[in-house]
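All remarks here apply to the structure that follows.
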Amino acid sequence: MDRVVKRTMKDSLASKLRKNLPYIEEHVEAKELLSYLFANSIIDVDDRESVSRAGTRKERACSLVTLLMHRGDRAYACFLEALRNARYTFVANKISGLPYQTSEDSDAGAGAAHVDLVTVSIPDRIASIEHQTGIYGITLERISRRLDEGATKEDLKLIQLEISNLEAAFRKELEMEKLKSQLKAKEDELARLSAEMSDQVQQLLAEIASLKQQAVNGERELQQFMREKAQLETKVQDLITKEASNNIRIETVEKNFEAFSSEIKKMVKASIQPKHKRSSGCRCEACNRPPEPAVIGSGKSHYQWKY
Numbered sequence: 001m002d003r004v005v006k007r008t009m010k011d012s013l014a015s016k017l018r019k020n021l022p023y024i025e026e027h028v029e030a031k032e033l034l035s036y037l038f039a040n041s042i043i044d045v046d047d048r049e050s051v052s053r054a055g056t057r058k059e060r061a062c063s064l065v066t067l068l069m070h071r072g073d074r075a076y077a078c079f080l081e082a083l084r085n086a087r088y089t090f091v092a093n094k095i096s097g098l099p100y101q102t103s104e105d106s107d108a109g110a111g112a113a114h115v116d117l118v119t120v121s122i123p124d125r126i127a128s129i130e131h132q133t134g135i136y137g138i139t140l141e142r143i144s145r146r147l148d149e150g151a152t153k154e155d156l157k158l159i160q161l162e163i164s165n166l167e168a169a170f171r172k173e174l175e176m177e178k179l180k181s182q183l184k185a186k187e188d189e190l191a192r193l194s195a196e197m198s199d200q201v202q203q204l205l206a207e208i209a210s211l212k213q214q215a216v217n218g219e220r221e222l223q224q225f226m227r228e229k230a231q232l233e234t235k236v237q238d239l240i241t242k243e244a245s246n247n248i249r250i251e252t253v254e255k256n257f258e259a260f261s262s263e264i265k266k267m268v269k270a271s272i273q274p275k276h277k278r279s280s281g282c283r284c285e286a287c288n289r290p291p292e293p294a295v296i297g298s299g300k301s302h303y304q305w306k307y
């Protein structure tokens, strides 16, 4: 038999028991629950004897409920199971907040075992069922031995309750296989979802890394473009400056060319004019030009006109 766990029950569960204690004291015989609770390692031999020694039914119920509040959260679920196995389904439903019937209305289905799914997880249910089905052989041997030794009326009543619990254990053995299948399916589903999420996370991380690399490459390309743009702007400015300088040079050349052309035209014009004798009445440049002085010693007069 597993070791009995002694720890305080969760306050939300204990408050349900305290709230319904008067109802439990009025309708429940605690002795009928002891075998089930003992078989499920909720109470030990000393606890069982302590509850049984209480004087009245109300005192036994109060003693049992007080004891269960110090046997952990699992004691709450097993207490509800024990109530249903002992044909107190209406009490169990009232405690758990489910719709409940009178004791007469609930007799037909009272033998069916039930687990409070709100407070007991699937792994805990499986552990509870495995423990219960594992001890039914030992319990049957003990029952047979007690019958052979001669059982009292009170013993027979307890034996009947234990047999009912064993019948429930067989039913729970089938339920356990179903629960194991459900748990395996949930585990497989969880593993599948976990693998899918892992793949999706890896894919997202790869996409993020790719986007970051694209951003880095884009930044590099932008910087290269800005450098090339600056170089082009410098070249364009140099070309503009050179063009302006060339324009100035062209203008100077054109002016010089025009002046040179003008001089050439004058020289050509002067060279093609007909020669004539100097006359005082002529107004041409040749006639009105002053005479050039003669070179001394040349045998000519001081002034001599050249034609």
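If you use UniProt numbering, the sequence shown corresponds to residues 1 to 307, in order. Positions of the beta carbon are idealized from the N, C-alpha and C atoms, including for glycine. It should be emphasised that the depicted structure is a prediction, and the values quoted were computed from it without experimental measurement.
Does residue i come out as helix, strand or coil in the three-state DSSP assignment?
i, result
"Val-216", "helix"
"Val-268", "helix"
"His-27", "helix"
"Arg-3", "coil"
"Asn-256", "helix"
"Arg-74", "helix"
"Ser-245", "helix"
"Ser-261", "helix"
"Ser-41", "coil"
"Thr-234", "helix"
"Ala-195", "helix"
Determine the extent of the alpha helix (DSSP H) in which residue i is found, giving its start and end residues.
i, result
"Lys-19", "11 to 19"
"Val-45", "45 to 52"
"Arg-57", "57 to 68"
"Ile-95", "89 to 96"
Pull up the distance between the alpha-carbon of residue i and that of residue j, whole angstroms please.
i, j, result
"Arg-84", "Phe-90", "8 Å"
"Leu-174", "Leu-13", "28 Å"
"Arg-60", "Lys-94", "20 Å"
"Ile-264", "Gln-237", "40 Å"
"Arg-249", "Phe-257", "12 Å"
"Ile-42", "Met-197", "41 Å"
"Leu-193", "Leu-183", "15 Å"
"Ser-181", "Ala-168", "20 Å"
"Glu-81", "Ala-195", "38 Å"
"Ser-106", "Gln-202", "Here Ser-106 scores only 42 on pLDDT, less than 50, and its place in the model should not be relied on; the value that follows carries that caveat. Going from the Cα of Ser-106 to the Cα of Gln-202 covers about 56 Å."
"Asp-188", "Thr-66", "42 Å"
"Arg-48", "Phe-38", "7 Å"
"Arg-18", "Ile-208", "57 Å"
"Leu-190", "Lys-178", "18 Å"
"Asn-176", "Ala-185", "One point to set straight first is that residue 176 is Met, not Asn, in the sequence displayed. Going from the Cα of Met-176 to the Cα of Ala-185 covers about 14 Å."
Can you find the residues in the same chain that come closer than 6 Å, C-beta to C-beta, to residue i, ignoring five residues on each side of it along the sequence?
i, result
"Ser-63", "Val-51 and Ala-54"
"Met-226", "none"
"Phe-79", "Leu-68"
"Gln-231", "none"
Ignore the nearest five residues each way along the sequence and tell me which others in residue i's own chain have a CB closer than 7 Å to its CB.
i, result
"Asp-73", "Met-9, Lys-10, Leu-13 and Thr-119"
"Lys-16", "Ile-95"
"Asn-20", "Lys-94 and Ile-95"
So, for residue i: in the same chain, excluding its five sequence neighbours on each side, which residues have a beta-carbon less than 8 Å away from its beta-carbon?
i, result
"Arg-3", "Ser-41"
"Glu-25", "Arg-57, Lys-58, Ala-61 and Cys-62"
"Arg-7", "His-70, Arg-71 and Gly-72"
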